[in-house]
Amino acid sequence: MIQHRISLETFEVPTGTPVFDWTVPKEWNVRDAYIKGPDGKKVVDFQECNLHLLNYSAPIRATMPLSALKNHLFTIPEKPDWIPYRTSYYKEDWGFCLSHNQMLALEDGSYEVCIDSTLEEGHLTYGECYLPGRSTDEVLFSCHTCHPSLANDNLSGLAVTTFLAQFLSERGLHYSYRILFVPGTIGAITWLARNREAVGRIRHGLVLTCLGDKGPFHYKKSRQGDAEIDRVAAHVLLHYGGSREILEFSPYGYDERQYCSPGFNLQVGCLMRSVWGSFPEYHTSADDLSFIQPPHLAESLRICVAIVDVLEENRRYRNLNPYCEPQLGRRGLYGSTGGEGIESEVNARLWVLNLSDGEHSLLDIAERSGLSFSAIKCAAQILCESNLLEMMPEEGNRDKCKPRAHGRSPARALIERYPR
Amino acid sequence: MIQHRISLETFEVPTGTPVFDWTVPKEWNVRDAYIKGPDGKKVVDFQECNLHLLNYSAPIRATMPLSALKNHLFTIPEKPDWIPYRTSYYKEDWGFCLSHNQMLALEDGSYEVCIDSTLEEGHLTYGECYLPGRSTDEVLFSCHTCHPSLANDNLSGLAVTTFLAQFLSERGLHYSYRILFVPGTIGAITWLARNREAVGRIRHGLVLTCLGDKGPFHYKKSRQGDAEIDRVAAHVLLHYGGSREILEFSPYGYDERQYCSPGFNLQVGCLMRSVWGSFPEYHTSADDLSFIQPPHLAESLRICVAIVDVLEENRRYRNLNPYCEPQLGRRGLYGSTGGEGIESEVNARLWVLNLSDGEHSLLDIAERSGLSFSAIKCAAQILCESNLLEMMPEEGNRDKCKPRAHGRSPARALIERYPR
Amino acid sequence: MIQHRISLETFEVPTGTPVFDWTVPKEWNVRDAYIKGPDGKKVVDFQECNLHLLNYSAPIRATMPLSALKNHLFTIPEKPDWIPYRTSYYKEDWGFCLSHNQMLALEDGSYEVCIDSTLEEGHLTYGECYLPGRSTDEVLFSCHTCHPSLANDNLSGLAVTTFLAQFLSERGLHYSYRILFVPGTIGAITWLARNREAVGRIRHGLVLTCLGDKGPFHYKKSRQGDAEIDRVAAHVLLHYGGSREILEFSPYGYDERQYCSPGFNLQVGCLMRSVWGSFPEYHTSADDLSFIQPPHLAESLRICVAIVDVLEENRRYRNLNPYCEPQLGRRGLYGSTGGEGIESEVNARLWVLNLSDGEHSLLDIAERSGLSFSAIKCAAQILCESNLLEMMPEEGNRDKCKPRAHGRSPARALIERYPR
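Protein chains in written order, with the working numbering: chain A, 45 to 464; chain B, 45 to 464; chain C, 45 to 464.
What follows is the structure, encoded as structure tokens:
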């Protein structure tokens, strides 16, 4: 479905492939799974809802009393109508998830359990969309694909990321964009292990998840904490209005855990509406299509686009008349009858002229002036057209996002450590 | 009048002289200006109040109906008794300012308009007072001279600056002082364009304006934001007591706009009582002599003098007994009967001894200890007399106010850009 | 008594020995001192309470009227039952301290004053306990011994320091520990003057005083203000819970004044419960054994031990799998059934892995994560055992506490200044 919208390349990585400290696991496929009650009727049926099966369950066919079966049943007593989502990726096990009421209704007797699954040599699958820009420097967007049937904590990220990629493919780009659709954790690790050169070109990035509910936006900072993406996201959310929260980095969460591991230390944050684990529907059957709404998804997409806009345009400029103010009036850039306050457009122009010494980026100017990036960008454009300003050459802009003095070059360190 | 008090040199810069991006404009002189009503009586008369004429109005002699005249009349409907102050420096126009009630009283009919002004080749005039000190490093004070008949937003700055110059001329000076009386904007630009070497010697500076009203003090920081003058002004206002506010730099305001343009980036702030535009009398006939009061002017002068005192004395010293405390008691610098708290004089001496490692200035010590600069300065003096302290040589003090590492040398850059 | 518990070496420094700007004073010994009233009975008797005698009083035998005697009597009118503690170390004088009520009861008449003291060539005595660790880098603990009969402001420091030394002598040590029992001011100055090489090895230190009362803990920062000991003490007090206060450095107080004098600028703070001068019993007979309580002393000792624990263990580590997270699950370090929150132990492990890039110490990680140092240390230990982490070599840890770039090397500067 995603490939109908964007040019997505899929990759198949064989079971057993070593990826850093990990190994691509066996592939899990399910043909059927159910529990039949003492009367022979199915009481839990994978065909009805794929959450019913503990993910990565090993195959089994057995008959057992209810008391034995119960050791393999998972419910949420506090939400007796919801089915939990559970996994056992890295410990071989089997089990079923069901609503607490469903479990309470089970009568004593003998139950037939069938999990017709395979855990065999196969592949890990991920998708990648690469959109080349004028620069080989890259911006990364990453979302996870591994939570079946969950809407906010899976599908919303896929949807917003897909539409964002579509949007990006339709405009001219300064940066190149790399957009990943990967299984959480192992997928990100696999991509990082297989793309060591590309990693070194990533300048900014965002993990996108939980973007369809009605909660306020949350931006979790990168490990660096003062990366350009951190400032851009905070600026965009501030000027977008409404309530929002900026969260400090922590090493638990989504795939920013991998992108921000110390060997990479990429400038990658995470954009969410409600934070995983903070809403009761999280990892349950209640995180369904009714929990996410088109207007919330659209608003999330708008925020992503606004972040891209700032990243794309955030450059340093040089005031070509740095000694005193240039005479804006004779260029039609200033009101000529003094005595009243100045308009905000003129104010933005004065800020851009005053701080464009080759050291302040447009975002620096927006932050210091309190004006929006778009107002500052607009002022810079008009001043360029009036030959009062010029963009700094690319070299003068590269170090705007260079690793800080005490940081390492992740690409070089990585290549030295894992030579081909 | 100012020359009766201080040694002021005046400069005449011819119309047409290029000054950076600007050109010295034509000189405007007014012999007479009035509006006569249908009955031939003057209803608006420049001889009564020079605010009645839109400043820089081109000459005109015409008769027109009231409806046409009204396009050239300026009033303040919210303050119907006040005459606004309006200018049209950079767009050729003509007009009259009058009270709203005056305008409402005008009856339909034919009006005779006379503006007997000249806009011709002439000069821009500014005054400069230079007071040499032991160092060639300079402190700049600048006030504007261009608002006719306005008391707070013109005359108060002239008055305080004049008295400050008089005060400075009567004492020994460490720094050299350059005190400018210039028309706003074009005057400061003209001075900067004509004094490129002097600019490179300016270490600190203040624009002085709106110093006669009863409002609390406001200090607007330099573009650098952490310049020595910024810290000195904040310290003086803090210890002076009373309410006051420290404002961040912005590129709109008075001539700090020019001194802090990126090519100069001088350490120049702006001292005001009420801030321009924040009081209703601003740029109206109500900003008259009754709006400013001698005690407020005197208090403003005291603040300026206190700032000068700190600038003059803010040096680094070196503790000559840096290993353990020296024995203050045997030098009569300490109470000898323990058991009570120490007095604030002793406390100041201990602070000066503890932080005088050649890296902390007296202002650093005052800020860290919470004591006033004068208490710290007094302690340093007594310790010097006791041979426990010595002033660092001048080189060790110069970098106290040197441009920060990432700054440019404004003088050098300016000279390279505009060779003679 | 202290030597019964720890291996304490005592040093005797002769009167007249020059120590920096000071000289070791004459030794003061008292055989007896009293005042006899008109009826020949002792009204003030040194044998009853040694606070009765102004410390360092010169010998005298005289008879005088009450009016003359009163010039030499010290009382506390606000606390009429308490005897003040007074000294006159550096000005030759004599006097008696008594309760205000005692003084009010004195009747007119002739009084016999006897101070049978000696002020003669002798020695200054101090004690030193050196506990060698694996490193020659040292941690300093210092307490004062000079306030006779005062419990909180003398004995509590001696007691806690003694028990701390005993505790340290029973465990393996990374740092070497130097524990000083010195008369205030002159004792610390004497030790510093005589131990110039040792001074250069001091990496951290604490002055211990006023540790037996029931007040909340106060930690006064070193002159540097961001020294490792400052951060360690703040962290320990924060995680210990209860109310506590962190005080900025000031050059008045206990012997941190000497250790933090600018020539040394040692990383030495001061740990107290109630702050000197802030409790009415300070420097009076009411600062007696009833004012300090074993539980308060024990709690103080626990804080000291906790500070030592952090200093001893605060190292930098290196994540041996810095590219992506290592797979904790297969090592038994992670829960394998997803869907719930993670436990705090796993969280600590993730933080340690994420920040162990050779640049962050365990304290850095504890501060950033908000977890306790002990939780972080425990995580580091388990990760080391799993070969996921290794301690940085000693060189990589030394600069963790090296003097900052703009600091001087105190040892070198001292040796150059005072060659043997």
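Heads up, the beta-carbon is just placed ideally off N, CA and C, and yes, glycines get one too.
- When beta bridges are read from the DSSP output, N73(B) appears opposite T162(B).
- The straight-line gap separating the alpha-carbon atoms of G286(A) and E343(A) is approximately 12 Å.
- For G373(B), the C-beta contacts it makes with chain C under 9 Å involve Y133, Y134 and K135, in order along the chain.
- With a minimum length of 4 residues, the unbroken runs of alpha helix (DSSP H) contained wholly in the stretch 333-419 of chain C fall at 338-357, 388-399 and 406-413.
- In this structure V88(C) does not touch A237(C) by the C-beta definition: roughly 38 Å separates them, more than the 8 Å allowed.
- Listed in chain order, the beta strand (DSSP E) elements of length 3 or more contained wholly in the stretch 186-238 of chain B are 220-226.
- R267(A) has its alpha-carbon roughly 45 Å from the corresponding atom of Y284(B).
- Secondary structure note for G249(C): its beta strand (DSSP E) is the uninterrupted segment I246 to L252.
- By the Cβ rule, the stretch 271-278 of chain B counts as touching the stretch 313-332 of chain B, because three or more pairs are nearer than 8 Å.
- The beta carbon of D401(B) sits closer than 9 Å to some beta carbon of chain C.
- Per DSSP, reduced to three states, the secondary structure at M147(A) is helical.
- Pairwise C-beta distances place the stretch 295-304 of chain B in contact with the stretch 249-265 of chain B, as three or more of them are shorter than 8 Å.
- Taking a Cβ-Cβ threshold of 7 Å, the residues of chain B close to S305(C) are P366, Y367, C368, E369 and N398, in chain order.
- T205(C) is classed as buried because its beta carbon has at least 16 other beta carbons within 10 Å across all chains shown.
- Following the DSSP letters along the chain, one finds E434(B) inside the beta strand (DSSP E) bounded by residues L433 to M435.
- Residues of chain C with a Cβ closer than 7 Å to the Cβ of N363(B) are, in chain order, P306.
- In the structure shown, D89(C) falls within a strand segment according to DSSP collapsed to helix, strand and coil.
- For the options K123(C), R130(C) and R359(C), the alpha carbon positioned closest to that of N145(C) is the one of K123(C).
- Residue state for C422(C) is assigned as helix, using DSSP reduced to three classes.
- Rounded to whole angstroms, the separation of the alpha carbons of E292(A) and N365(C) is 24 Å.
- Within chain A, Y296 have C-beta atoms less than 7 Å from the C-beta of N391(C), given in sequence order.
- Annotated as distal: L406(A) and E369(A), with beta-carbon spacing of 9 Å or more.
- The stretch 338-353 of chain B and the stretch 394-404 of chain A do not touch, with fewer than three beta-carbon pairs separated by less than 8 Å.
- The C-beta separation of P58(B) from H167(B) comes to about 6 Å, placing the pair in contact by the 8 Å criterion.
- For V57(B), the enclosing beta strand (DSSP E) begins and ends at E53 to P58.
- Interface residue (Cβ-Cβ distance to chain A less than 9 Å): W395(C) is classified as such.
- CA-to-CA, the gap between M147(A) and G297(A) works out to about 31 Å.
- Here S388(B) is exposed, its C-beta having fewer than 16 other C-beta atoms within 10 Å.
- Contact between G177(A) and Y221(A) is confirmed by a C-beta separation of about 7 Å, below the 8 Å threshold.
- At the C-beta level, S132(C) and N99(C) come within 9 Å of one another.
- DSSP lists T131(B) as the bridge partner or partners of N99(B).
- Taking a cut-off of 8 Å for Cβ pairs, the stretch 217-232 of chain A and the stretch 182-189 of chain A touch, as three or more such pairs fall below it.
- Between S200(B) and L255(B), the CB-CB gap stays under 9 Å.
- A271(C) carries a coil assignment under DSSP once its states are collapsed to helix, strand and coil.
- For Q302(B), the chain A residues whose Cβ falls inside 7 Å of its Cβ are C368 and E369, in order along the chain.
- For chain C, the residues of the stretch 221-250 of chain A that bring a beta carbon within less than 7 Å of one of its beta carbons are I233 and L236, in chain order.
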